[in-house]
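Numbering (the working numbering), first residue to last: 5 to 421.
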Ligand code: GLY
Ligand code: MN
């Protein structure tokens, strides 16, 4: 089952909430993420822009959404899609039709792309602000057709001020709705079955990429469209490299293997890390390391509740980590935890793996977060990270990945059964 389970109503309500934030002197423009060339006439794997999906449900390139607020809270909504091209359909299959786009998004005014510019010109006449996505995250990224379109608009309409739409949309995406939580739970179940399949197959001599192949099989078989991110399958010392994705080493007897993974289901992915002994049994030293990380994981989760910001929580995590790791002898001073645990304890999770959200804002019920303490001892060839996904509730949190084994005895029992 690969059709969208999110109903049009979800996207209609998201737009209503956004429309309420738009002032009458403004318009908002969002566009599909661009397609890029891989080589010759082959394209890179394409994924819809997360905001565009959140407000339209349209999982199709080369589309635009224009929102035009009117008086008394009435906003006109226009969706622009590529015209159906029978020649292209011979190569690539059926294209999105206006009727399909209406049904998916709940937008009544669906037009073809050639009317976008005229529509924008007509509707901006009494407006001063164009809220748009400026994709300003990474300075080294190439300019996209969206950037060039916006530059062109600035030249053609110098009186129309372009402002960041993200400042309005990101806070909305931070608190998840029940439909999103259901999808994330489904994505978490799929990771559980993938990790359990891996645990059953693990043995010395396997290659890391063979584990990756098993994850891929499980994800696609269970209805994911792709991985949520490149899977990290890191045995032995490789696990001390945080984003190790080469996955080309051999699993050795006596080593641990760290697997950080998630399949993308309906545009949402879980983000889970588990660490397993390659031969099915933890050594005494591995147990010491693993248990310390598990203690941080559980202590932090026990204290997690709405009200603090991520930046406050990172401080709390540092205190918990410092205390536990110094007691276990991994560091001689609690303040030196960053020496063996060199990343933050978690992040927002949602349509983006490292999802949107202001790190200084207090977290609210409905936020979905990762909790992923780590311990990295390269000189011993040991890297441990235990990552759960949690939903903040009114009084604490619900661990969405609670059924994926993480206690030492549960892992050993599962692998030995
Ligand atoms: N799953 C990889 C990360 O959180 O960076
Ligand atoms: Mn993560």
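From the three backbone atoms N, C-alpha and C, an ideal C-beta is built for every residue, glycine too. It should be emphasised that the depicted structure is a prediction, and the values quoted were computed from it without experimental measurement.
**Message:** Using only the alpha-carbon positions, how far apart do residue 114 and residue 85 sit?
**Reply:** Between the alpha carbons of residue 114 and residue 85 lies a gap of roughly 7 angstroms.
**Message:** Let me check one thing: in DSSP terms, what residues is residue 424 bridge-paired to?
**Reply:** Missing from the structure shown is residue 424; the chain here goes from 5 to 421 and no further.
**Asked** Since residue 262 contacts residue 387 with CB under 8 angstroms, what's their CB separation in whole angstroms?
**Response** About 6 angstroms separates the Cβ atoms of residue 262 and residue 387, confirming a contact at the 8 angstroms cut-off.
**Request:** Please check the pair residue 382 and residue 250, which I expect to be a contact at CB under 8 angstroms, by giving their CB distance rounded to whole angstroms.
**Result:** Taking a contact as a CB-CB distance under 8 angstroms, the pair residue 382 and residue 250 does not count as one, their CB atoms being some 16 angstroms apart.
**Item:** Extent of the continuous beta strand (DSSP E) to which residue 64 belongs
**Value:** Note, residue 64: premise wrong, no beta strand (DSSP E); not H, not E.
**Message:** With the cut-off set at 7 angstroms, would you say residue 10 and residue 183 are in Cβ contact?
**Reply:** Yes. Within cutoff.
**Message:** I need the boundaries of the alpha helix (DSSP H) containing residue 195, first residue and last residue.
**Reply:** It spans 182 to 205 - the alpha helix (DSSP H) in which residue 195 sits, taken as one unbroken run.
**Request:** Could you have a look at residue 5 and say whether DSSP puts it in helix, strand or coil?
**Result:** For residue 5, the predicted model reports a pLDDT of 35, less than 50, meaning its position is unreliable; a value from the coordinates is still stated below. DSSP places residue 5 in coil when its eight states are reduced to three.
**Message:** Any heavy atom of the ligand GLY closer than 6 angstroms to the beta-carbon of residue 359?
**Reply:** When distances are taken from the beta-carbon of residue 359 to the heavy atoms of the ligand GLY, even the shortest one reaches 6 angstroms or more.
**Request:** Identify every residue that forms a DSSP beta bridge with residue 228.
**Result:** Paired residue(s): none; residue 228 is not in a bridge.
**Message:** Between residue 29 and the ligand GLY, is there a pair consisting of the residue's CB and a ligand heavy atom that are separated by less than 6 angstroms?
**Reply:** No, the ligand GLY has no heavy atom inside 6 angstroms of this Cβ.
**Item:** Nearest candidate by alpha-carbon position, reference residue 280, set 273, 205 and 248
**Value:** It is 205 whose Cα lies nearest to the Cα of residue 280.
**Item:** Residues with C-beta closer than 5 angstroms to any heavy atom of the ligand GLY, in chain order
**Value:** Those residues, listed in chain order, are 264 and 275.
**Asked** Based on Cα-Cα distance, which residue from 61, 208 and 235 lies nearest to residue 221?
**Response** Comparing Cα positions, the closest option is 235.
**Item:** Residue from 413, 31, 407 and 371 with nearest C-alpha to residue 180
**Value:** Just measuring C-alpha positions, the residue of 413, 31, 407 and 371 sitting nearest residue 180 is 371.
**Nearest candidate by alpha-carbon position, reference residue 398, set 325, 361, 363 and 311** = Nearest of 325, 361, 363 and 311 to residue 398, Cα basis: 311.
**Prompt:** So is the beta-carbon of residue 374 under 6 angstroms away from any non-hydrogen atom of the ligand MN?
**Reply:** Checking every heavy atom of the ligand MN against the Cβ of residue 374, one is found closer than 6 angstroms.
**Message:** In the DSSP assignment, the beta strand (DSSP E) including residue 279 goes from what residue to what residue?
**Reply:** That run of the beta strand (DSSP E) goes 276 to 281.
**Message:** Determine, for residue 323, whether the minimum Cβ-Cβ distance to residues of chain D falls below 7 angstroms.
**Reply:** Looking at the structure shown, chain D is missing, and only one protein chain is on hand.
**Which residues DSSP lists as bridging residue 293, in chain order** = Per DSSP, none; premise fails for residue 293.
**Asked** Nearest to residue 129 by alpha carbon, out of 417, 74 and 278?
**Response** When C-alpha distances from residue 129 are compared across 417, 74 and 278, the shortest belongs to 74.
**Request:** Identify whether residue 155 lies in helix, strand or coil by the three-state DSSP scheme.
**Result:** Of the three classes helix, strand and coil, the one that applies to residue 155 here is helix, per DSSP.
**Prompt:** Is DSSP giving residue 102 helix, strand or coil here?
**Reply:** In the structure shown, residue 102 sits in a helix (DSSP, three-state: H, G or I).
**Request:** State the Cα-Cα distance for the pair residue 1 and residue 175, rounded to the nearest angstrom.
**Result:** Since the displayed the chain opens at 5 and closes at 421, residue 1 lies outside it and no answer follows.
**Message:** Judging by CA-CA distance, which residue of 46, 290 and 132 is the nearest neighbour of residue 29?
**Reply:** Minimum Cα distance to residue 29 is reached at 132.
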